[in-house]
Every structure is written in structure tokens, then in C-alpha cells.
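Colleague: Input: one structure, supplied below.
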């Protein structure tokens with residue numbers, strides 16, 4: 001049923017997707033547990049759906065709760081917690097809480113780099129997000145430098161046609177041509 005909700009979300013039918021996600025979460029909470037990984041994952045999909053539909057406050061409430069839950073369950077350095085933290089930082093930057101977003105992105109990028117290595121795809125995404133924050137804050141030169149590092153590592157590890165490499169090229173282009 002969660003797959004059905006994903007389809008609704010991808011089609012832009014956010015309310016139907018949210019109703020379906022709510023049903024899945026209710027079922028998981030009844031059958032498994034509120035803090036079980038699958039329940040938390042579906043709640044993450046709900047947060048994304050709220051965010052994409054413009055209901056940012058609802059998305060933030062869920063994402064902040066997810067961050068606390070994952071941190072308590074897995075610790076702050078776990079790759080899943082880092083991913084949840086990254087998403088929270090993206091949401092914060094989307095509502096203008098850029099300094100908070102920067103602090104989270106810095107922590108996530110540093111921890112992920114130490115745990116996964118410089119060229120891991122997740123690290124490249126996190127570093128690119130950090131570059132965006134620096135660009136928003138007016139540190140354009142450093143943002144370009146950071147994005148160049150991402151692009152070089154992505155090309156070397158993933159190749160020119162990989163989506164992360166292509167995203168890095170677009171990001172760098174937007175930094176340079178703004």
C-alpha cells in the first residue's frame with residue numbers, strides 16, 4: 001500500500017497519497033510498533049509529501065520527530081540518522097532557517113565523510129547540499145569550490161552520466177550563472 005502512496009505522490013495527488021500513508025502508518029503502529037523502522041520510513045515519506053505539497057510546517061513537525069526517533073534508536077552517526085538529518089536541514093533551508101540548516105549540513109557531511117568515505121554517493125549529495133547553503137548565505141566562491149569538489153569526485157567515482165554527476169553540473173552552473 002505504501003507503493004500506491006508513492007505513485008499518488010509522484011503524480012502530484014498529495015492528499016490521496018497522504019491518506020494512503022496515514023493508513024499504512026496506522027496499520028504498522030497497530031501491528032508492529034510506532035518506532036519500528038518501517039513505520040518511521042513511511043512517516044518520512046509523509047513528511048516528503050507534505051513538503052512537496054507546500055505544507056512545510058507539517059513536514060517539519062514529522063521530520064523533527066523522525067530525527068529524534070532515529071537518533072535515539074540508532075545514534076547520531078548512523079547512516080539512516082544522517083540521511084534524516086540531511087532532509088531536516090533541507091526543510092529548514094526551505095523555510096529560511098538557513099543558519100540552522102548550515103550547522104546540520106556541516107555535521108552530516110563531516111560524519112558521513114568519516115563513516116562512508118569522501119566519494120560515497122551520500123557524501124556527495126550532502127556536500128552538494130552544503131554548497132547550496134553556502135551559496136544562499138552569500139559565500140559564492142566557497143560554494144563553487146565545494147561544488148567543484150563534488151563534481152570531480154562524482155565524475156571519478158560514478159561517471160559522467162550518473163544522476164548525481166549531472167545534478168552536480170547543474171548546481172555548479174546555477175552557482176556560476178546567478
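Residue numbers (our numbering): 1 to 178. Quick reminder that beta carbons are idealized off the backbone N, C-alpha and C, glycines included.
Are there three or more Cβ pairs, one per stretch, closer than 8 Å when the segment 77-96 is compared with the segment 41-59?
Modeller: The segment 77-96 vs the segment 41-59: in contact.
Colleague: DSSP on residue 58, reduced to helix/strand/coil?
Modeller: Residue 58: helix per DSSP, three-state reduction.
Colleague: Report buried or exposed for residue 179, applying the criterion of at least 16 other Cβ atoms within 10 angstroms of its Cβ.
Modeller: This structure gives no information on residue 179, because the portion of the chain shown stretches from 1 to 178.
Colleague: Between the alpha carbons of residue 131 and residue 117, how many angstroms are there, rounded?
Modeller: Cα to Cα, residue 131 sits roughly 18 Å from residue 117.
Colleague: Specify whether the segment 159-168 and the segment 113-128 touch according to this definition: at least 3 beta carbon pairs, one from each stretch, less than 8 Å apart.
Modeller: Yes, since at least three Cβ pairs between the segment 159-168 and the segment 113-128 fall closer than 8 Å, the two stretches touch.
Colleague: Find out if the Cβ-Cβ distance for the pair residue 4, residue 40 is shorter than 8 Å.
Modeller: Not a contact, by the Cβ cut-off of 8 Å.
Colleague: Taking the alpha helix (DSSP H) that residue 145 belongs to, which residues open and close that run?
Modeller: 140-158 is the span of the alpha helix (DSSP H), which, as asked, contains residue 145.
Colleague: Return the CA-CA distance between residue 144 and residue 31, expressed in angstroms with no decimal places.
Modeller: For residue 144 and residue 31, the distance between alpha carbons rounds to 49 Å.
Colleague: Are the Cβ atoms of residue 61 and residue 42 separated by less than 8 Å?
Modeller: No, these two residues do not count as a Cβ contact at 8 Å.
Colleague: For a minimum of 3 consecutive residues, which ranges assigned as the beta strand (DSSP E) are wholly contained in the segment 66-109?
Modeller: List check, beta strand (DSSP E) in window: nothing returned.
Colleague: For a test of the three-state rule: what should DSSP assign to residue 199, helix, strand or coil?
Modeller: The structure shown does not extend to residue 199, since the chain spans only 1 to 178, so no value can be given for it.
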